[in-house]
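> Encoded as structure tokens, here's the structure I'll be asking about.
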Amino acid sequence: MFNIFTNPNHKIKRKHQDTINEIKVIASNMKQWDNYKLQQQTSKFKKILINDPILDHILPEAFATVKETCRRLFGIELFDVQLLGGIILNQGNITEMKTGEGKTLTATLPAYLNALTGHGVHIVTVNDYLAKRDAEWMGQIYEFLDLATGLIQQNMTTYARQANYHKDITYVTNSELGFDYLRDNMAIEQSNIVQRGFNFCIIDEVDSILIDEARTPLIISGPSDISTDKYTTSNTLAKQLIRDEHYEIDEKAKNVILTDPGIIFCEQFLGIPNIYQLEEPWAQYILNALKAQNIFIKDRNYIVKANEVVIVDEFTGRIMPGRRWSDGLHQAIEAKEKVTVQQENQTLASITYQNFFLLYKKMAGMTGTALTESQEFEKIYKTNVISIPTHKKCIRLDLPDLVYKKEYNKWLAIANECYDMYQIGRPTLIGTTNVEKSELLAKLLDEYKLPYNLLNAKPENVERESQIIAQAGKSKTLTIATNMAGRGTDIILGGNPQQFSKLIIIQTIKNSFLNNGQVKTDYYQSSSEIKDPLDKMINHLKYNDTFKNMTANQIILYTENCIIKHNFNNISDNNNIIHSTYQELYQIYHQNCSYDKDKVIQLGGLHVIGTERHESRRIDNQLRGRAGRQGDPGSSRFFLSLEDNLLRIFGGDKILNLMDTLNIDDDVPIESTILNRSLNNAQKKVESYYYDIRKQLFDYDEVLNNQRQAIYAERNRILNSTYVRDCILEYGESTIDEIINFYIQETNKNDYSSKQTQIIYNKLQTILNLPSEVLDNLFSNMNPQDIKLFLCEQLHITYDLREAYLEQLRPGLVRQLEKYYLLQQIDTAWQEHLEKMANLRESIGWRSYGQQDPLTEYKNEAFTLFINMITYIRETVSYFIMRSRLVIDPDKTIQQS
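Just so we're aligned: 552 in full-length UniProt numbering is position 552 of the sequence shown, and the numbers increase by one with no gaps anywhere.
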């Protein structure tokens, strides 16, 4: 036992114990209520909030309502630590809750409370699978309590996205959420906007999203007209360059540097005088080709699927279809892999995750590992990380790392450990860092003739994910998985009977309706007690009128919904057969899994093997955290070698020299607390390095973010306006003001020349379409203030005439054109501005050599560029409106000239 008064994790629990007790008392009284009375709580809370908008006043009763709903629907009693987690989340903090503590259910408490305001709640997950799973599972709670649940998935239509974003609580992935924001701010029609305001968000696996993925911004890009030939040529050139002679690799920074002989070789190969020439630069293409050859490895950083290069997320091990590396890197890898090289892209809109999530009025997050990054959360996101104590004490045994001289000996040791665990009967999870290493271990286990399940980014393995995780806790099960972090997985000892039952029913329906009745025997396991209820269910579905006009996929979707909602009482006859089958299977598997769980507990629980230390301590902790859930026994051990990236880059040669001096054999590992400490220090250095990258990205993007907010605000003002005529005239008047003010400033200077007068004349003549005689008369006979008034009056008169002309051509046309012109010019200018800002960002670092602060210089120059862009937008809009002509062709279509 441990004393809660000396455990820092329990201080926070003591602080909120009174509120927790109040919630439990109210929930206990609610047990006597019927369903109707419990469901009426939502409308009651909404009425209270109209007069008293402070959520904390209804928090205990609202949380108690959700607690009682969980008990009725799922038979689950929320723990005190879950109630505590809900309170902390509602305050806009990040909760660190260990794996298996029920984070998904915890999120329903603040989500329900904040959804009562009617402004919407976003629950953000790391992938589509988790978003769908949580929306279907937790959606039952919200549906019972009369709140609508939305779900955003890839490839959804605009209309579907609008409908789902306007639900009370919306489950969405971080990338879909960010890209929808950018797309909304590129919309030409108001009907194309899908999101509403950013009120409150709860981010699941918050460290994965706000730390790991925050290194790279979200970018929407469109194809540019740059030729792709240079990528192929650069790839051929890169193969002829020799490492350490023509180029050097900085593994810490993941960068390539050309040496002087390398530059000369490239220039001779290409037959050009300078690879850095401005007119036709080659340097970036060559560097990207070298990165593709040396740093970005197939089956580690990406896979090739359907003749396309698909990125593998280094933190979750999942593939990221539709995502591409920027600045030509993706094209360089396509050239390397000899797949179709797609056109280089031009940035149309971008935002960093940091600045995107700061748009929310209140932001909360939850994860199993965040304390190591608490400083970053506090500095950038202005939120605190609070560790929630576990419901039961963690008794997992974290064994010291074993370090081998050679990588080969390390993998042999891992295979032997797997063999030993298999013979004992303990379930074992082996975490690898990439696809390549997972397949290497799989081949080794094949040599040992050991059965295993492989879970990595390869499509054929991803499809079996839920099946693999469902049985990962069974005895005599070996599971190889790339980066378990962020998978939202909960490995239950003995196996997961609910998941097993669901999988077998779905697979049986697929076999019967999609595969011509060829049933896979591995699901039946030749057991009549499983086969009989499944056959009965299939016969019912095949001959029931309800399913005659449904496709196989519709039947599967219908079945999944029936299983998800198996706790509701209002079941139709069609659902009944699915329910009864599910219940029969569940009872069989529950009994088998319970027996197996007791057996696994006696053996020591789940054993986790780490095959390499990750750059971040959090990822290692997430892997360890898969064992020892809810007070279960378990153990973990990392097997390392001096050839691993982290050890090799951060001082592994010193340890290697020591091992050679002591004459230690290759197959004898070192187990040392000093070595573990040096590894932790290496990880801290890497974490610090990446923090600096993210901080720098944030600091520079903050400059652009202020400009982004100003442009997007102006864009929304125009988009939501029904009468933008005044905006056009305002732009014209501002343009006149700027030109005349410049004229006044120049006339006050001694060096004022007739050449400058001519420039001003030409500008006014070009933009306002005025004859030169009028301008000559103006400037010779009027003072500047009168000139301004006259020109503004001419602007209004000319515009009235143009408006009357357009109205005669087609009524209402001018209003559409005004909005189109404004948005088109803003978007074009903003895209050009983003390109200029990117170029400025790349070159500004050189200012440090002149004893200048690059960030300060960047802010100053960015401001000048922004002012120039605003001026350009106003002048161009004025020019187009005053100068463009519209002609109606014989087919009654309008053309601009």
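Note that beta-carbon positions come from the ideal geometry of N, C-alpha and C, so glycine has one too.
Kindly give me the distance between the Cβ atoms of Lys103 and Asp204, rounded to whole angstroms, as I take these residues to be in contact under 8 angstroms.
Sure, about 7 angstroms apart at Cβ, within 8 angstroms.
> Apart from the five residues on each side of it in sequence, which residues of its chain come closer than 7 angstroms, Cβ to Cβ, to His166?
Closer than 7 angstroms at the Cβ level, and outside the excluded window around His166, lie Arg196.
> Check whether the stretch 815 to 833 and the stretch 703 to 720 touch, using three or more Cβ-Cβ pairs below 8 angstroms as the test.
The answer is yes - the stretch 703 to 720 touches the stretch 815 to 833, with three or more Cβ pairs under 8 angstroms.
> For the alpha helix (DSSP H) holding Ser43, just list the boundary residues, first then last.
Counting along the chain, the alpha helix (DSSP H) containing Ser43 begins and ends at Gln41 to Asn51.
> Comparing C-alpha positions only, which one of Lys24, Glu61 and His57 sits nearest to Gln41?
Nearest C-alpha to Gln41: Glu61.
> How would you write the range of the alpha helix (DSSP H) that Leu258 sits in, first residue to last?
Run containing Leu258: none in the alpha helix (DSSP H); it sits in the beta strand (DSSP E), Asn255 to Leu258.
> Since Arg300 is in the alpha helix (DSSP H), which residue starts that stretch and which ends it?
Note, Arg300: premise wrong, no alpha helix (DSSP H); not H, not E.
> On the CB-based measure, 16 or more other CB atoms within 10 Å of its CB, does His796 come out buried or exposed?
Looking at its Cβ environment, which holds fewer than 16 other Cβ atoms inside 10 Å, His796 is exposed.
> From the DSSP secondary-structure annotation, give me the bridge partner or partners of Glu205.
Answer is none; Glu205 lacks a bridge partner.
> Taking DSSP's pairing of strands, which residues face residue 925 in a bridge?
Coverage of the chain is limited to positions 1 through 897, which leaves residue 925 absent and any answer about it impossible.
> Just to confirm, is the Cβ distance from Met138 to Ala111 under 9 angstroms?
Contact: yes.
> Could you tell me the distance, in whole angstroms, from the CA atom of residue 929 to the CA atom of Phe698?
For residue 929 there is no data in the structure shown, the boundaries of the chain being 1 and 897.
> Can you find at least 3 beta carbon pairs, one from the stretch 10 to 30 and one from the stretch 80 to 96, that sit closer than 8 angstroms?
In short, these stretches touch, since the Cβ pair count reaches three.
> Please list, in chain order, all residues of the same chain as Thr170 whose beta carbon is under 8 angstroms from its beta carbon, the five residues on each side excluded.
Within the same chain, Thr170 has close Cβ partners Gly120, Val121, His122, Ile123, Thr149, Gly150, Leu151, Ile152 and Asn164.
> Over what stretch of residues does the beta strand (DSSP E) that includes Ile430 continue unbroken?
From DSSP, the beta strand (DSSP E) with Ile430 extends over Thr428 to Thr432.
> When you compare only the Cα positions, how much space is there between Lys474 and Asn301?
Approximately 31 angstroms, taken between the alpha carbons.
> Could you tell me which residues DSSP puts in a beta bridge with Met186?
In the DSSP output, where bridge partners are listed per residue, Met186 has none listed.
> Looking at C-beta atoms only, is the number of pairs between the stretch 383 to 396 and the stretch 228 to 235 that lie closer than 8 angstroms three or more?
No, the stretch 383 to 396 does not touch the stretch 228 to 235.
> Give me the Cα-Cα distance between residue 947 and Asn621, rounded to the nearest whole angstrom.
One cannot answer for residue 947 here, as it falls past the ends of the chain, which runs 1 to 897.
> Would you report the Cα separation of Glu245 and Arg626, rounded to the nearest angstrom?
If you take the alpha carbons of Glu245 and Arg626, they lie about 45 angstroms apart.
> DSSP on Lys15, reduced to helix/strand/coil?
Of the three classes helix, strand and coil, the one that applies to Lys15 here is helix, per DSSP.
> When we look at the beta-carbon of Lys502 and count the other beta-carbons within 10 Å, is it buried (16 or more) or exposed?
Buried, because 16 or more other Cβ atoms sit within 10 Å of the Cβ of Lys502.
> Have a look at Ser350 and Val435 and give me their C-alpha separation to the nearest angstrom.
One C-alpha to the other measures close to 30 angstroms.
> According to the neighbour-count rule (16 or more other Cβ atoms, all chains shown, within 10 Å of its Cβ), is Glu447 buried or exposed?
Exposed.
> Thinking just about the alpha-carbon of each residue, which of Arg810, Asn860, Glu875 and Met363 is nearest to the one in Val206?
Among Arg810, Asn860, Glu875 and Met363, the Cα nearest to that of Val206 belongs to Met363.
> Name the two residues that bound the continuous beta strand (DSSP E) containing Leu122.
Position check: residue 122 holds His in this sequence, whereas Leu was assumed. Note, His122: beta strand (DSSP E), Val121 to Thr125.
> Could you give the residue range of the beta strand (DSSP E) that holds Ile169?
Its beta strand (DSSP E) spans residues Ile169 to Thr173.
> Which residues does DSSP list as the beta-bridge partners of Gly271?
Looking at the DSSP assignment, Gly271 forms no beta bridge with any residue, so it has no partner.
> Ignore the nearest five residues each way along the sequence and tell me which others in Arg324's own chain have a CB closer than 6 angstroms to its CB.
Closer than 6 angstroms at Cβ, skipping near neighbours: His330.
> Does the distance from the CB of Leu640 to the CB of Leu679 come in under 9 angstroms?
Yes, Cβ-Cβ distance for Leu640 and Leu679 is below 9 angstroms.
> Tell me which residue opens and which closes the beta strand (DSSP E) that Thr149 is part of.
Thr149 -> beta strand (DSSP E) spans Thr149 to Leu151.
> Give the list of continuous beta strand (DSSP E) stretches no shorter than 3 residues that lie fully inside the stretch 287 to 357.
Correct list: 302 to 305, 308 to 312 and 345 to 351.
> Does DSSP put Ser721 in a helix, in a strand, or in coil?
If DSSP states are grouped into helix, strand and coil, Ser721 belongs with coil.
> With respect to the alpha helix (DSSP H) encompassing Asp128, which residues constitute its N-terminal and C-terminal limits?
Run containing Asp128: Asp128 to Phe144, per the alpha helix (DSSP H) assignment.
> State the CB to CB distance for the pair Ile88 and Ile386, rounded to an integer number of angstroms; the pair is presumed to be in contact (CB under 8 angstroms).
Confirmed, about 5 angstroms.
> Strictly by DSSP, which residues pair up with Ser641?
According to DSSP, which records beta bridges pairwise, Ser641 is partnered with Tyr404.
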